[in-house]
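In this note's numbering, the protein residues as written are 32 to 202. We treat Cβ as the ideally placed atom computed from N, Cα and C, and that holds for glycine. Contents: one structure, followed by commentary.
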Amino acid sequence: MAAESKPVLAWVGLGSNLEQPCEQVRGALHELATLPDTRLTAASSLYRSAPMGPQDQPTYINAVARLETRLTAEALLDALQAIEATHGRVRTGVHWGPRTLDLDILLYGGEQLSSPRLTVPHPGMAERSFVLYPLEEIDPDLDIPGLGLLRELLAGCSPEGLERLEEDDSK
Ligand code: ROI
32 MAAESKPVLA WVGLGSNLEQ PCEQVRGALH ELATLPDTRL TAASSLYRSA
82 PMGPQDQPTY INAVARLETR LTAEALLDAL QAIEATHGRV RTGVHWGPRT
132 LDLDILLYGG EQLSSPRLTV PHPGMAERSF VLYPLEEIDP DLDIPGLGLL
182 RELLAGCSPE GLERLEEDDS K
């Protein structure tokens, strides 16, 4: 994988609502910690969240992780998709349908990126309580490129339907 020399902080969103979602997300956090040229520097609690999109699907488990990485954004995306694949993620084509494991690059340094494969900051993150509240837990002072202060985004985003899980909550 291509590596660049200067480490960058990247934030990754994790989500699952199939096949024991808590285990999917916890397992993925461990795998993020083993990526090449990358350190896992923070992870939020797990959160239970009502589905955004079609309501006839199970509740989600979400979390956010902070990485320090020398991987380019594209190489990090490749690595995240490889982890998704090991968790049996199949792209069904159902729009906003259920998923075994979803790993999204939310932020990559202070960069704004737009390519056919990757848009950073992640489009829609400003409206997603299951992204913003876990982010607040690990980096409350974040300033999000093009979107502004996390604190201000939180003021406009209700936490309704979102529940932080205790560490020993195995459900
Ligand atoms: N809803 C919740 N609560 N959490 C997610 O991670 C999530 N991911 C998605 C869609 C289908 C938009 N809904 C979600 O991709």
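Host alpha helix (DSSP H) of residue i (start-end)
i: V95; result: It is not in any alpha helix (DSSP H) - V95 instead sits in the beta strand (DSSP E) that spans Y91 to L102.
i: L134; result: Run containing L134: none in the alpha helix (DSSP H); it sits in the beta strand (DSSP E), D133 to Y139.
i: R182; result: L181 to A186
i: R57; result: P52 to L63
Limits of the beta strand (DSSP E) - the one that residue i falls within
i: S160; result: No beta strand (DSSP E) contains S160, which is instead part of the alpha helix (DSSP H) from S160 to I169.
i: A74; result: T69 to A74
i: P194; result: The identity of residue 194 in the sequence shown is Glu, whereas the question assumes Pro. That run of the beta strand (DSSP E) goes L193 to R195.
i: R130; result: Taken as a continuous stretch (DSSP letters only), R130 belongs to no beta strand (DSSP E), as it is neither H nor E.
i: S146; result: Run containing S146: none; DSSP gives neither H nor E here.
Chain C within 8 Å of residue i, Cβ atoms only
i: Y91; result: Of the chains in the structure shown, none is chain C; there is only one protein chain.
CA nearest to the CA of residue i, picked from the options
i: V151; options: V162, D135, A74 and L163; result: D135
i: V39; options: L45, L107 and H118; result: L107
i: A41; options: L149, R148 and E99; result: E99
For residue j and residue i, believed in contact at Cβ under 8 Å, the rounded distance
i: I175; j: L144; result: With 8 Å as the limit, I175 and L144 do not qualify as a contact, their Cβ atoms being about 13 Å apart.
i: A94; j: V56; result: 5 Å
Open item on the list: Would you call the stretch 77-88 in contact with the stretch 107-115, where contact means no fewer than 3 C-beta pairs closer than 8 Å?
Closed with: Segments in contact, no.
TODO: Could you say if the stretch 51-67 and the stretch 81-98 meet the contact criterion of at least three C-beta pairs nearer than 8 Å?
DONE: Enough Cβ pairs lie closer than 8 Å, so yes.
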